[in-house]
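Asker: This is the structure, below, for whatever I ask next.
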Amino acid sequence: MLQINYGFICSLSIGNKITQFINRTNKALQQEDLSIDYGTKLIAGLRSTLQELRDKVFEQNFHEEQNLAEEICIEKRFLNKRRRGVKIIKIDENTR
Numbered sequence: 001m002l003q004i005n006y007g008f009i010c011s012l013s014i015g016n017k018i019t020q021f022i023n024r025t026n027k028a029l030q031q032e033d034l035s036i037d038y039g040t041k042l043i044a045g046l047r048s049t050l051q052e053l054r055d056k057v058f059e060q061n062f063h064e065e066q067n068l069a070e071e072i073c074i075e076k077r078f079l080n081k082r083r084r085g086v087k088i089i090k091i092d093e094n095t096r
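Residue numbering for the sequence shown is 1 to 96, as defined by the UniProt record's numbering.
See the structure below:
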């Protein structure tokens, strides 16, 4: 049975914020009368916004999501998933 966990809530929240910033920039870049100079500034602005989001807003986001998890009675921890085993095939150099 699938269930909502803390990791899913955090991923959904931060993914929503990232998508909003990218969508806003994407719509602005699609204007017909857009100059290359302004388009470059839009992309640079998006880049700095995403870096700020990474550097500052992630921690704040996790605290907000912890409060939400408490409200809806979800355990506030990330689940450790089992790593999938990968077969390593050794190729003998003499068999080529």
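For glycine and all other residues, C-beta sits at the position ideal for the given N, C-alpha and C.
Predicted model, so just to flag it, every value in this text is computed and none were measured.
Is it buried or exposed, residue 10, if we count other Cβ atoms within 10 angstroms and call 16 or more buried?
Answerer: Around the CB of residue 10, 16 or more other CB atoms lie within 10 Å, so the residue is classed as buried.
Asker: State the Cα-Cα distance for the pair residue 167 and residue 45, rounded to the nearest angstrom.
Answerer: Summary: the structure shown does not reach residue 167, with the chain confined to residues 1 through 96, and so no result is reported for it.
Asker: Using the Cβ count rule (16 or more neighbours within 10 Å means buried), how would you classify residue 65?
Answerer: buried
Asker: Where does the unbroken alpha helix (DSSP H) through residue 10 begin, and where does it stop?
Answerer: Unbroken alpha helix (DSSP H) run through residue 10: 6-29.
Asker: Compute the Euclidean distance between the alpha carbons of residue 20 and residue 85, then round it to the nearest angstrom.
Answerer: Cα-Cα distance, rounded: 36 Å.
Asker: Express the C-alpha separation of residue 89 and residue 53 in angstroms, rounding to a whole number.
Answerer: 41 Å
Asker: For residue 75, report the span of its alpha helix (DSSP H) as first-last.
Answerer: It is not in any alpha helix (DSSP H) - residue 75 carries neither H nor E in the DSSP assignment.
Asker: Can you give the Cα-Cα distance for residue 58 and residue 49, rounded to whole angstroms?
Answerer: 12 Å
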